[in-house]
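Report on the following structure.
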Amino acid sequence: AQCKVGALIVFRGRQPIDGLVQSGIPWQGLVSRQMIESIFWHDSPVHDGAAVIEGARITEVGGILPLSDRKDLPSRFGTRHRAALGLTDMSDALVLIVSEERGAVEIAKEGEIHDIGDPRLLEDQLRTHLGLDHETAASDQGFPTSVVAAAVLREGTFGSSSRGARLLQPAARARRIRRGASGRMGFS
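Shown next as structure tokens:
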């Protein structure tokens, strides 16, 4: 059976989200690829909840987000999508979604979900949301956008690399990502 790994990563905006994210566990870990992978690894006790990132730190893990009750959502949207929309309907947060079912990477902002088809687009979206200068390296401004992008969209994911790429999993349990005829990513 295929076992996919999903993720829900919240990037706070200017508005506080403390009252909206429930039951999270305080974390205070530095953002790193390994940290993100360990949080969302399927055997982690906090993998089904959201991780909240503020600055260069993961401040909370296993958080429960408010679910959207919108009726106009596609049937392919699961709980992660509804949670991301619920939070972005009530705040100016940006939520990164990795679909466990499809392996797709998407961003929710202002009550809308957008597909991310390129690692540079993910980095640009994070920089813009966080108000980071595009001319200066984000890591020089206190936030490693490239680390988050690398953890979610590893080198080769969107290219023609024959070795494929891994998505949010430790190397010992990594699976290859492939592109289907539709151009969407999936696991093999």
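In terms of the numbering used here, the sequence shown opens at residue 60 and continues consecutively.
Positions of the beta carbon are idealized from the N, C-alpha and C atoms, including for glycine.
Annotation: the continuous alpha helix (DSSP H) that includes Ile98 extends over 92 to 99.
Straight-line spacing of the CA atoms in Asp102 and Leu132 works out to 29 angstroms. For the 8 angstroms CB-CB criterion, Gly65 and Ser158 form a contact.
Taking 8 angstroms as the cut-off, the beta carbon of Glu119 is found closer than this to the beta carbon of Gly83. In the three-state reduction of the DSSP assignment, His173 falls in the strand class. For Thr147, the number of other beta carbons within 10 angstroms of its own is at least 16, and it is reported as buried. Apart from the 5 residues on each side of it in sequence, Gln81 sits with its Cβ closer than 6 angstroms to the Cβ of Ile123 in its chain, given in chain order.
The beta carbons of Ala163 and Ala109 sit no closer together than 8 angstroms. Here Pro178 is not near Met149, since their CB atoms are 8 angstroms or more apart.
In the DSSP annotation of this structure, the continuous segment of the beta strand (DSSP E) that includes Gly122 starts and ends at 116 to 122.
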